[in-house]
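*Asks:* Just so you know, the sequences run in chain order A and Z.
The first sequence maps to residues 6 to 138 in the working numbering.
The second sequence maps to residues 14 to 277 in the working numbering.
Pasting in a structure now, in structure tokens, and then I'll have a few things to ask.
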Amino acid sequence: MMETEKRQFSFAADLKAYQISENAVSLDENAKQIGLLLDQIEIGNSKVAMDNLASIKDAVAESQIASPMNRVNEYVKLGEHMQFLVMELNHTENKKYLKQMAVCYLDIAKLSNDDRVKNLSFAVADQLIDDED
Amino acid sequence: MSNFVWINFVIVFFFGILWGILELVINYELKYVGTSRRMRKKLKEKTEGDDAVLDKEESAVGYIFLYLLLNGLVSVLAYYALKFFSNEAIMDINSIEVPKLIIAGFGGVVVLRSSIFSIPFNGSTLEIGLISVVQALLDKIEKKIKHNIAANRICEIYEIMKDVDYDIAKEELPDLCITYIDGFSDKDSKDLVNAIKEINGNLSNINKCMQLGREIARYCDVEILKRAIKKLPVLKEGKEGKAMRLGNAQTKDEFEIRKEKLLR
């Protein structure tokens with residue numbers, strides 16, 4: 006990486022970290038909300054769903070204690086596992102909880118101002134919306 | 014009385030003046046003083062003279078002139094004293110007395126910056142001697158120069174930042190400017206982010222922009238800032254800036270649209 010790129014990257018990372026730390030309270034609230042909604046979901050015997058659910062819980066817990074930049078990584082993990090969970094449970098009675106979780110995740114994406122999280126949040130939401138349409 | 018009398022006195026006078034100029038250039042970056050009036054005139058034309066700061070002349074030129082004159086006069090006095098104490102006729106000079114001129118020139122410099130003794134005063138040390146006069150003048154010059162710099166900086170930054178949208182600029186502008194800064198360290202990066210953090214979000218757009226501009230200008234030349242803004246028309250409140258903000262708004266709306274659909 007060139008020196009200039011390094012400097013830009015470092016500054017952009019610092020600025021992003023500042024923005025995330027500024028929105029930390031709202032981000033944590035949304036993550037906690039996702040955690041609470043997870044408890045409402047009935048997964049039955051699906052091992053895939055069980056694994057994803059556990060991973061989401063981990064990501065929620067980690068995101069609340071992580072540094073601003075690691076927090077984003079946890080949100081990315083959260084989004085990826087949510088995608089799998091939605092795929093697995095989309096046509097069950099859990100859909101209303103998934104939808105509420107997707108709303109919270111959209112808020113997280115908006116507040117974290119990260120493209121990876123934004124794309125994942127749109128993908129999760131679109132998955133739930135498209136199936137309905 | 015030959016012409017050499019005047020020539021010697023003029024030379025030693027300019028020796029003192031040159032020493033004074035050298036000292037000012039080293040200490041206070043004289044370029045600010047020199048460009049002060051020109052810059053003010055230029056900025057006054059741009060702002061159509063409605064800027065209160067520009068109307069208040071805070072020139073250091075008078076004090077600088079006085080300081081240089083003092084340096085010159087003390088050197089002349091030193092030359093006179095040298096001649097007087099050597100029992101030489103003052104008016105009987107038939108050549109340029111280079112060694113004596115050098116001794117007198119340096120002697121004047123030393124005498125002007127010397128103190129007989131110092132006494133503690135109000136927590137600081139008060140020097141008794143000609144150095145007090147020199148220091149008082151230098152302090153006054155420094156104050157005036159700093160005021161000039163601050164006044165010019167305000168006007169300059171205002172001119173550069175006046176149409177900029179703070180919300181877009183705080184993300185785009187520092188990122189672009191630091192590309193052109195040599196030796197921008199990780200500490201600088203953190204300091205700059207902290208400085209941006211400190212800008213009060215409740216202030217007006219122009220105030221926030223000027224503070225942002227000042228913070229960036231601490232690390233890069235004002236010219237870089239100016240050119241960066243020129244190359245990023247999206248920062249300005251023009252058509253493109255609005256389009257950019259509309260673009261952001263659309264992205265924000267995408268979140269809301271999806272949320273509405275999910276909650277339906």
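The beta carbon of each residue, even a glycine, is placed where N, CA and C say it ideally should be.
Quantities reported herein were computed from a predicted structural model and do not represent experimental measurements.
So with Cβ pairs under 8 Å, would you call V206 (chain Z) a contact of chain A?
*Replies:* Taking 8 Å as the threshold, the shortest C-beta distance from V206 (chain Z) to chain A falls below it.
*Asks:* Take the Cβ of M174 (chain Z) as the centre, count every other Cβ of all protein chains shown within 10 Å, and call the residue buried at 16 or more, exposed below.
*Replies:* buried
*Asks:* Strictly by DSSP, which residues pair up with T192 (chain Z)?
*Replies:* Note: T192 (chain Z) sits in no beta bridge, so no partner.
*Asks:* Under 8 Å between C-beta atoms, does D266 (chain Z) make it to chain A?
*Replies:* no
*Asks:* Classify S15 (chain Z) as helix, strand or coil using the three-state DSSP reduction.
*Replies:* DSSP places S15 (chain Z) outside both helix and strand once states are collapsed to three, so it counts as coil.
*Asks:* Considering only residues of the same chain and omitting the five flanking positions on each side of D135 (chain A), which have a CB-CB separation below 6 Å?
*Replies:* The answer is none, since no qualifying residue turns up.
*Asks:* Are the Cβ atoms of E57 (chain A) and I113 (chain A) separated by less than 8 Å?
*Replies:* First, the residue type needs correcting, since residue 57 (chain A) is Asn and not Glu in the sequence shown. Taking 8 Å as the Cβ cut-off, N57 (chain A) and I113 (chain A) do not qualify as a contacting pair.
*Asks:* Is the separation between the beta-carbon of F127 (chain A) and that of R271 (chain Z) shorter than 8 Å?
*Replies:* yes
*Asks:* Measure from the alpha carbon of K96 (chain Z) to the alpha carbon of each residue in Z:L82, Z:Y80, Z:N107, Z:A117, then state which is nearest.
*Replies:* Z:A117
*Asks:* Buried or exposed: where does K123 (chain A) fall if 16 or more other Cβ atoms within 10 Å of its Cβ makes it buried?
*Replies:* buried
*Asks:* Taking Cβ positions only, does R278 (chain Z) come closer than 8 Å to chain A?
*Replies:* In the structure as shown, chain Z begins at 14 and stops at 277. Residue 278 (chain Z) is therefore absent and cannot be evaluated.
*Asks:* Are L4 (chain A) and I70 (chain A) closer than 8 Å when you measure CB to CB?
*Replies:* With chain A running from 6 to 138 in the structure shown, residue 4 (chain A) is simply not present.
*Asks:* Looking at the C-beta of A36 (chain A), does it have a partner C-beta in chain Z at a distance below 8 Å?
*Replies:* no
*Asks:* Return helix, strand or coil for L216 (chain Z), following the three-state DSSP convention.
*Replies:* coil
*Asks:* Sort out for me which residues DSSP pairs T3 (chain Z) with in a bridge.
*Replies:* Chain Z is shown from 14 up to 277; residue 3 (chain Z) falls before or after that span and cannot be answered.
*Asks:* By DSSP's criteria, N247 (chain Z) is part of a beta bridge. Which residues make up the other side?
*Replies:* The sequence as given places Val at residue 247 (chain Z); Asn does not occur at that position. V247 (chain Z) is not bridged to any residue.
*Asks:* To which residues of the same chain is Q38 (chain A) closer than 6 Å at the C-beta, ignoring the five residues directly before and after it?
*Replies:* C109
*Asks:* Closest to K243 (chain Z) by CA distance: which of Z:S198, Z:A182, Z:S15, Z:C168 is it?
*Replies:* Z:A182
*Asks:* Are the C-beta of K100 (chain A) and some C-beta of chain C separated by less than 8 Å?
*Replies:* Among the chains of the structure shown, chain C does not appear; the protein chains present are A and Z.
*Asks:* If distances are taken between C-alpha atoms only, which option among A:R121, A:L125, A:K100 comes closest to R277 (chain Z)?
*Replies:* A:K100
*Asks:* Please identify, using Cβ separations under 7 Å, the residues of the stretch 15 to 28 of chain A that lie next to chain Z, in order along the chain.
*Replies:* S15, F16, A17, D19, L20, Y23
*Asks:* Taking 8 Å as the threshold, find out whether the stretch 201 to 212 of chain Z comes into contact with the stretch 18 to 28 of chain A through three or more Cβ pairs.
*Replies:* Yes, they touch.
*Asks:* Quick one: what's got a C-beta closer than 8 Å to A65 (chain Z)'s C-beta in the same chain, skipping five residues either side?
*Replies:* Because the pLDDT of A65 (chain Z) is 45, which lies under 50, any placement of that residue in the model is unreliable, and the number read from its coordinates should be weighed accordingly. Excluding positions up to five away in sequence, the list is empty.
*Asks:* I46 (chain A) and L116 (chain A) - do their beta-carbons sit closer together than 8 Å?
*Replies:* no
*Asks:* Which residues in chain A have a C-beta closer than 9 Å to the C-beta of D176 (chain Z)? List them in chain order.
*Replies:* Under the 9 Å cutoff, chain A gives no residues; its nearest Cβ is about 23 Å from D176 (chain Z).
*Asks:* Mind checking whether F16 (chain A) and D188 (chain Z) have CB atoms under 8 Å apart?
*Replies:* yes
*Asks:* Mind pulling the chain Z residues with CB within less than 8 Å of F127 (chain A)?
*Replies:* E267, R271
*Asks:* Are the CB atoms of V147 (chain Z) and L125 (chain Z) within a distance shorter than 8 Å?
*Replies:* yes
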